[in-house]
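> Pasting a structure here, questions to come.
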Amino acid sequence: MESVFSRFDSYNFEADGRFQDGLQALHKSYSCREETKLLDLKLFFYNRFVEPIDRTSYKQWSSASSHAAPTDCSVEQLNQTTPSDSHTDISKNQTTEMSAETQAKQLSFAEVMRLVQEGKEVPGVTKLDIQPTNQSPAPSQMERILKPWEMASVSK
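Numbering (this note's numbering), first residue to last: -16 to 139.
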C-alpha cells in the first residue's frame, strides 16, 4: 500500500490537464481556506482516474511519515491554467465563460450532485414544462381481462 501512496506523492497534478480543468471548474464554488480541500480533490482525482487509493489510510500514512504531499493552496495555483489538447487556444477569460453545452460535458457526477443539492441549475439540462391537465380521466374502452381464478368460476 505504501507504494501507492508514494506514487500519489510523486504524481504531477500540475501537468495533468484533466485535473487542472476540473480544478478551474471547481474554483468558482470552492474557497481554498483549508489545505485539506486541495488534498481531498487530488485524492479523489487520483482514485478516479489513476489507481485506487484509500483516503483515510493515505492521511494516516502521510501524518506518520515525512512523505506528506505538497498541499500549498494559493490563488495563483488555482488560477493557473494548463492547456489541454482540446483547449490550447482558449484564454483565461474564455475558460470562465464557456458555453453551457461545453460545461455540461465536463461536469463529473460529484459536481452535478453538488449543484443539485445546492438547488442550482445544472448546465446543459433541458427544463421540461410539465403541468397537470386537471381533467378527469377518460373511461376505459377496452374489456377487462379476467384473472385466472375468475376464469375458473366462469367456465363452471
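Where a beta carbon is used, it is the ideal one built from N, C-alpha and C, also for glycine.
Just so you know, these numbers come straight off a predicted model, no measurement behind them.
Please specify which runs of the alpha helix (DSSP H), each continuous and at least 4 residues long, are wholly inside the region 4 to 47, giving them in chain order.
Entirely contained in the region 4 to 47, the alpha helix (DSSP H) runs reaching 4 residues are, in chain order, 18 to 32 and 38 to 47.
> Expressed to the nearest angstrom, what Euclidean distance is found between the alpha-carbon atoms of S40 and K103?
In a straight line, the C-alpha of S40 is about 34 Å away from that of K103.
> Do D4 and Q89 have their C-beta atoms closer together than 8 Å?
In this structure, Q89 lies closer than 8 Å to D4 by Cβ.
> Find the nearest neighbour of L9 within the set K110, P120, M134 and A93, judged by alpha-carbon distance.
Ranking K110, P120, M134 and A93 by Cα distance to L9 puts A93 first.
> I'd like the span of the alpha helix (DSSP H) that includes V105, first residue to last.
Looking at the DSSP string, V105 is not in any alpha helix (DSSP H), and its letter there is neither H nor E.
> On the three-state DSSP scale, how would you describe L98?
Helix.
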